[in-house]
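See structure below.
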Amino acid sequence: MAPPRRGTAAVERRAAGTPPVRRYRTERRSPGRATVLVLVGLAVVIAVIVAVVLSSGGGKGGSSSANGAGPSTTGATHTSAQATTTARQAAGGGAASTTSPAQLSVVVLNGTTTTGLAHRVSEELQQHGYMKAAAQTGQPPGTNQVTVVEYASGHRADAQRVARSLGVAQAQPIEGTVASMAGSASVVVIVGLDKA
Numbered sequence: 003m004a005p006p007r008r009g010t011a012a013v014e015r016r017a018a019g020t021p022p023v024r025r026y027r028t029e030r031r032s033p034g035r036a037t038v039l040v041l042v043g044l045a046v047v048i049a050v051i052v053a054v055v056l057s058s059g060g061g062k063g064g065s066s067s068a069n070g071a072g073p074s075t076t077g078a079t080h081t082s083a084q085a086t087t088t089a090r091q092a093a094g095g096g097a098a099s100t101t102s103p104a105q106l107s108v109v110v111l112n113g114t115t116t117t118g119l120a121h122r123v124s125e126e127l128q129q130h131g132y133m134k135a136a137a138q139t140g141q142p143p144g145t146n147q148v149t150v151v152e153y154a155s156g157h158r159a160d161a162q163r164v165a166r167s168l169g170v171a172q173a174q175p176i177e178g179t180v181a182s183m184a185g186s187a188s189v190v191v192i193v194g195l196d197k198a
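Those letters in the sequence shown? Residues 3 to 198, per this note's numbering, in order.
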């Protein structure tokens, strides 16, 4: 007699004349299936936590009063938008600038092995009104192929003006190794081989 299939009834006879006894096999669950269920449950819990954090203001997005929606007056909306702009500037992402070119502290570093390149670019910046532009000794790690303009927190717009003066495409936040070389400068120019 062939073994009964999983989940089907097996019929046995004990003795002639007695009714058949039906026995059912119980299905066994694999330990892998339980592990998968636990992992799926954890993923769902994590997704719910992330959704709650993002919806409660942990992610990007403005408040309803900042975009003019809700029961606020025009003055309150302007004040809220101004506060949002100030907060973005403090985080380093603001586009507004309060520093005039003549007062802006700019450090120029030579990112190449060409002697005197930082001095030449700092003089060029001074001709554009950046009177505090100064060449700094020391070279950032590596050799820069293109000139880069970096900015300290809150000086993005200043850096973009400096970049336009030099014909550089864009400015970027200051890197740690450059910040240690720049001191208290608001904007740092790392001159690349494109200016050699």
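Virtual Cβ for every residue (Gly too), placed ideally from N, Cα, C.
Query: Own chain partners of Thr116 with C-beta closer than 7 angstroms, once the 5 adjacent residues on each side are dropped; Result: Ala198
Query: Distance between Val47 and Gly64 (C-alpha atoms, nearest Å); Result: Here the model assigns Gly64 a pLDDT of 43, short of 50, so the residue's position is not dependable and the matter cannot be decided.
Query: 8 angstroms contact criterion, which Val170 and Thr149 should meet: CB distance rounded; Result: 5 angstroms
Query: Neighbourhood of Ala165 by C-beta distance below 6 angstroms, restricted to the same chain and skipping five residues each side; Result: Val151, Ala173
Query: Residue(s) in a DSSP beta bridge with Ala173; Result: Val151
Query: Sequence ranges, beta strand (DSSP E) only - wholly within the segment 102-173, length at least 3; Result: 108-112, 135-137, 150-153
Query: Whether Ala104 touches Met133 by CB criterion (8 angstroms); Result: yes
Query: The alpha helix (DSSP H) enclosing Gly43, as first and last residue numbers; Result: 33-55
Query: For Gly222, the first and last residue of its enclosing alpha helix (DSSP H); Result: Any answer about residue 222 is impossible in this case: the structure gives the chain only from 3 up to 198.
Query: 6 angstroms Cβ shell around Ala137 - same chain, five flanking residues per side excluded; Result: Val110, Ala120, His121, Ser124
Query: Whether Thr101 touches Ser186 by CB criterion (8 angstroms); Result: no
Query: Close-in-space but distant-in-sequence residues of the same chain around Val190 (CB under 7 angstroms, 5 per side omitted); Result: Val109, Leu111, Glu152, Ile176, Val180, Ala184
Query: Residue from Val42, Leu106, Ala49 with nearest C-alpha to Arg158; Result: Leu106
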